[in-house]
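S.K.: Plus 69 on top of the position in the sequence shown (first one is 1) and you've got this note's numbering.
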Amino acid sequence: MATPQSNPRVPLRSLQLEFPQSLAVYDTYAEAQRTVDFLSDKEFPVENCMIVGTELRQLERITGRLTWGKIAVGGLLSGIWLGVFVGLIFWIFSADPSGLQILTTAVFGAVFGLVWALVGYSATRGQRDFSSVTQV
70 MATPQSNPRV PLRSLQLEFP QSLAVYDTYA EAQRTVDFLS DKEFPVENCM
120 IVGTELRQLE RITGRLTWGK IAVGGLLSGI WLGVFVGLIF WIFSADPSGL
170 QILTTAVFGA VFGLVWALVG YSATRGQRDF SSVTQV
């Protein structure tokens, strides 16, 4: 893994952590991701970690642990927004507009978003129990 001093193309401010320390060095991204996932499973504060590659093409900052609760709330909120959007379209083009259309589609959207998020998360089988943001 590259250090900020060994790659002059990367601005130092983007690599600064509160406690900049190298936890480990791996040959592949998959190995580094498995380690972060392992640390997340053991409830290590992974939001203080970063995966940095050599010949840097992208930088991945770990933002926190993923839990069933976070996934459920995220899916629920996304579904509500989708439902409200669809409801507004129905309401605008309806011959007999009613606020009930928006409410009903928001509820259906919430259920759909919740189920979709939980099924998607369960499909990962714990292979990636952390969230992150990527910089190029």
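The beta carbon of each residue, even a glycine, is placed where N, CA and C say it ideally should be.
CB-CB under 8 Å to LEU172, same chain, minus the five flanking residues each way: which ones, in chain order?
M.R.: Taken in chain order, the residues that qualify are GLY156.
S.K.: Which residue or residues does DSSP assign as beta-bridge partners of GLU129?
M.R.: For GLU129, which the question treats as bridged, DSSP gives the partners ILE120 and THR203.
S.K.: Report the rounded CA-to-CA distance for VAL121 versus ALA141, giving the unit in angstroms.
M.R.: Taking the straight line joining both Cα atoms gives about 30 Å.
S.K.: How many angstroms separate the CA atom of VAL188 from the CA atom of THR104?
M.R.: So the alpha carbons of these two residues sit roughly 24 Å apart.
S.K.: Let me check you understand the geometry: is the CB of VAL176 closer than 7 Å to at least one non-hydrogen atom of the ligand ATP?
M.R.: What this structure holds is no ligand at all, so the ligand ATP is not there to describe.
S.K.: Name the two residues that bound the continuous alpha helix (DSSP H) containing LEU145.
M.R.: Unbroken alpha helix (DSSP H) run through LEU145: 137-162.
S.K.: By the DSSP assignment, the alpha helix (DSSP H) with THR193 in it spans what residues?
M.R.: Element bounds for THR193: n/a, residue is neither H nor E.
S.K.: Counting along the chain, where does the alpha helix (DSSP H) carrying GLU100 start and finish?
M.R.: 98-110 is the extent of the alpha helix (DSSP H) around GLU100.
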